[in-house]
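Protein chains: 2
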Amino acid sequence: MKRIILVFGAIVILLMLLFETSKRIWLSSDFQAEWILAVLALVFFGVGIWVSRYSKAKPKEAQPWTQDLVMIEKLGISKRELEVLEALADGLSNKEIGAQLFVSESTVKTHVSNLLVKLDAKRRTEALKRAQELQILPK
Amino acid sequence: MKRIILVFGAIVILLMLLFETSKRIWLSSDFQAEWILAVLALVFFGVGIWVSRYSKAKPKEAQPWTQDLVMIEKLGISKRELEVLEALADGLSNKEIGAQLFVSESTVKTHVSNLLVKLDAKRRTEALKRAQELQILPK
DNA sequence: TTGAATTTGGTACTTTAGTATGAGCTGCCT
DNA sequence: AGGCAGCTCATACTAAAGTACCAAATTCAA
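In order, the protein sequences belong to chains A and B. Numbered per my numbering, the first sequence spans residues 1088 to 1226. Numbered per my numbering, the second sequence spans residues 1088 to 1226.
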């Protein structure tokens, strides 16, 4: 952390020095206007990119996960079926899902069976893979 | 894609116009040197940040996924078992996995059964969830 | 080369998953 | 009121998954 502060401080100081130098060169008119402006623009352009990359490298962790409600609608997946699907993703058995949702195992079987048709899958594992691909379940 | 090209082209043109304007203002010396330089520096700094963010927004898809080999070792998961686990994540049945790996369904059952013990799971779906949590399978 | 781990495969069995079908109930829309 | 969609549950069945136990071939390091 100390190193970060030092580096950033050094960068700022260097930029201010560059700024001052540009001004002095300009006032003394030893060089063409274009060059001073171009160098300044390029340097600050580069610094902008560098700062952006550096500041983005850290909070990049949290991936924005958004459930594709449109897809859910399109496939005709109901609220209850979605609940079953999410429980499914937790690796629960039909019986356990039933206990969690306060319904019988039969009901869960019906929901799962419907999900398999709607997700075009033959097995629950395939359904989970499909649901992840379709952005219905988080990856 | 066309829109992207148009936007970028417009930005470049605007920057060149800004550059020209700076030069003219400078030559006519209507303003202080500091201001011209400062505005130019700030604008290019901002553009640098913008370009960086935009160009990063696209190849951001590939999430740096690293398989936790240490965990695999710790759990005593063999090479073959790992192959079975990956096929499992593709939603394949034991029979299909066997066909893919050129072994019998019996063999796959054995591997899966061992995986369940090593991953501390009761079902294959639970095993997949555990494997993702343990960074053995990509999320 | 010997021993341990891995890989393979089988039989027999239990459990879970999935299908097919039917049916009762509720809420909502027309 | 009638109809439709969603949720519920049951029975009966088939298919797949999983367990237990055994055993042979292979690999690979000591």
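The beta carbon of each residue, even a glycine, is placed where N, CA and C say it ideally should be.
query                                                                                                                                                                  : result
Can you pull the chain B neighbours of residue 1213 of chain A, defined as C-beta to C-beta under 7 Å?                                                                 : 1178
Quick check: is the beta carbon of residue 1128 of chain B nearer than 8 Å to any beta carbon in chain A?                                                              : yes
Which residues of chain A have a Cβ atom closer than 9 Å to the Cβ of residue 1196 of chain B, listed in chain order?                                                  : Result: empty, since nearest Cβ-Cβ is about 15 Å, beyond 9 Å.
Report the CB separation of residue 1128 of chain B from residue 1101 of chain A in whole angstroms; it is logged as a contact under 8 Å.                              : About 13 Å; that fails the 8 Å criterion.
Tell me the residue span of the alpha helix (DSSP H) that contains residue 1212 of chain A.                                                                            : 1211 to 1220
Can you tell me whether residue 1163 of chain B is buried or exposed, with buried defined as 16 or more other CB within 10 angstroms of its CB?                        : exposed
I need the straight-line Cα distance from residue 1156 of chain A to residue 1097 of chain A, nearest angstrom please.                                                 : 49 Å
Applying the 10 Å Cβ sphere with the 16-neighbour rule, what's the burial state of residue 1134 of chain A?                                                            : buried
Put residue 1154 of chain B into one of helix, strand or coil per three-state DSSP.                                                                                    : coil
Compare the Cα-Cα distances from residue 1211 of chain A to each of A:1172, A:1185, A:1183 and A:1221 and report the closest residue.                                  : A:1172
Where residue 1175 of chain B and residue 1191 of chain A are concerned, what is the direct C-alpha to C-alpha distance, given to the nearest angstrom?                : 28 Å
Whole angstroms is fine: what's the gap from residue 1221 of chain A's alpha carbon to residue 1224 of chain B's?                                                      : 19 Å
Taking the C-alpha atoms as reference points, what is the distance between residue 1213 of chain A and residue 1194 of chain B?                                        : 21 Å
Taking residue 1191 of chain B as the query, report the chain A residues whose CB atoms sit under 9 Å from its CB, ordered along the chain.                            : By Cβ distance, chain A contributes nothing, its closest Cβ being about 19 Å from residue 1191 of chain B, past 9 Å.
Considering only residues of the same chain and omitting the five flanking positions on each side of residue 1182 of chain B, which have a CB-CB separation below 6 Å? : 1192
Provide the residue span of the alpha helix (DSSP H) that contains residue 1195 of chain B, from first to last.                                                        : 1192 to 1205
Counting only C-beta atoms, is residue 1135 of chain B closer than 8 Å to chain A at any point?                                                                        : yes
In or out: residue 1189 of chain A buried (at least 16 other Cβ within 10 Å) or exposed?                                                                               : exposed
With a cut-off of 8 Å, does the C-beta of residue 1124 of chain B fall near any C-beta of chain A?                                                                     : yes
State the Cα-Cα distance for the pair residue 1199 of chain A and residue 1169 of chain A, rounded to the nearest angstrom.                                            : 10 Å
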